[in-house]
Amino acid sequence: ASTLMACPAMETERLMLNALASVKSLRFSGEDLLLYGSGKEPVMRLQKRFEVVPVADLNGDWTIVAVEGAALPAGMESVPALNLNMTENRVSGNSGCNRLAGEIRRDATVDNSLSFVNVGSTRMACPDMDTENRVLSALNSVRLYGMLDNGHLALMDEGGTIVLELQRSK
428 ASTLMACPAM ETERLMLNAL ASVKSLRFSG EDLLLYGSGK EPVMRLQKRF
478 EVVPVADLNG DWTIVAVEGA ALPAGMESVP ALNLNMTENR VSGNSGCNRL
528 AGEIRRDATV DNSLSFVNVG STRMACPDMD TENRVLSALN SVRLYGMLDN
578 GHLALMDEGG TIVLELQRSK
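Numbered by my numbering, the letters in the sequence shown go through residues 428 to 597 in order.
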């Protein structure tokens with residue numbers, strides 16, 4: 428089943444849905460999942476996007492390196508950063524200029540669930556309010572986490588889209 432929205436790449440969607448409908452078996456090949464129809468060649472290869480790590484691995488200081496897939500502007504006076512305290516379920520840090528703090532919540536039924544609630548921030552007028560607003564908006568949409576191959580922490584929205592990419596601070 429799928430939604431019935433008209434999308435720019437309908438041919439790609441049609442090919443993907445047809446391939447999925449033809450799957451008769453699957454097997455792992457290294458980190459990839461291969462889906463087979465009735466032939467000997469796979470009809471689809473799926474690659475793991477991220478690794479689910481223990482929540483304790485999230486503890487510590489992280490620098491935000493990308494918001495909604497876009498790298499942060501070079502030369503920022505104060506780079507947005509978060510401190511995740513998974514023991515106390517608290518988040519603190521800055522969104523580029525203003526300080527922020529809030530709660531961390533997890534859904535016990537989803538291994539990699541993570542959301543930020545009751546996040547408040549100072550209200551200074553900053554030279555780059557666009558980055559400030561994008562960081563705060565992204566924080567509000569976080570529902571999941573995963574560790575990327577490059578060691579960065581991906582914070583994702585409900586649909587699995589990466590909204591924040593963080594790098595462990597040195």
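Quick reminder that beta carbons are idealized off the backbone N, C-alpha and C, glycines included.
| Check | Outcome |
| --- | --- |
| So, under 8 Å CB-CB, G547 and L527 are touching, yes? Tell me the CB distance rounded to an integer number of Å. | 7 Å |
| Given that a residue counts as buried once 16 or more other Cβ atoms are within 10 Å of its Cβ, and exposed if not, what is R476? | exposed |
| Can you tell me whether R532 is buried or exposed? The criterion is at least 16 other CB atoms within 10 Å of its CB, across all chains shown. | exposed |
| In angstroms with no decimal places, state the Cα-to-Cα distance between N510 and G466. | 50 Å |
| With distances taken between CB atoms, is the gap from W489 to A501 smaller than 8 Å? | no |
| How about D459 and L444: are their beta carbons less than 8 Å apart? | no |
| Apart from the five residues on each side of it in sequence, which residues of its chain come closer than 8 Å, Cβ to Cβ, to R638? | Not covered by the structure: residue 638. The range shown for the chain is 428 to 597. |
| Which first and last residues belong to the beta strand (DSSP E) in which M574 is found? | L571 to M574 |
| Which of helix, strand or coil does DSSP assign to E468? | coil |
| Going by the CB atoms, is the gap between E468 and M524 shorter than 8 Å? | Checking the displayed sequence, the identity of residue 524 turns out to be Cys instead of Met. No. Outside cutoff. |
| Residue range of the alpha helix (DSSP H) that D488 falls in? | Note, D488: premise wrong, no alpha helix (DSSP H); beta strand (DSSP E) at G487 to V494. |
| L499 and A493 look like a contact to me (Cβ under 8 Å); what is the Cβ gap, rounded to whole Å? | 7 Å |
| Considering only the beta carbon of each residue, do M503 and D557 sit closer than 8 Å? | no |
| Output the boundary residues of the beta strand (DSSP E) element that contains R532. | R526 to R532 |
| In the DSSP assignment, the alpha helix (DSSP H) including S564 goes from what residue to what residue? | M556 to S568 |
| Any chance you could list the beta strand (DSSP E) runs of at least 3 consecutive residues sitting entirely within the stretch 431-471, in chain order? | 452-456 and 459-463 |
| Per DSSP, L541 forms a beta bridge with which residues? | Note: L541 sits in no beta bridge, so no partner. |
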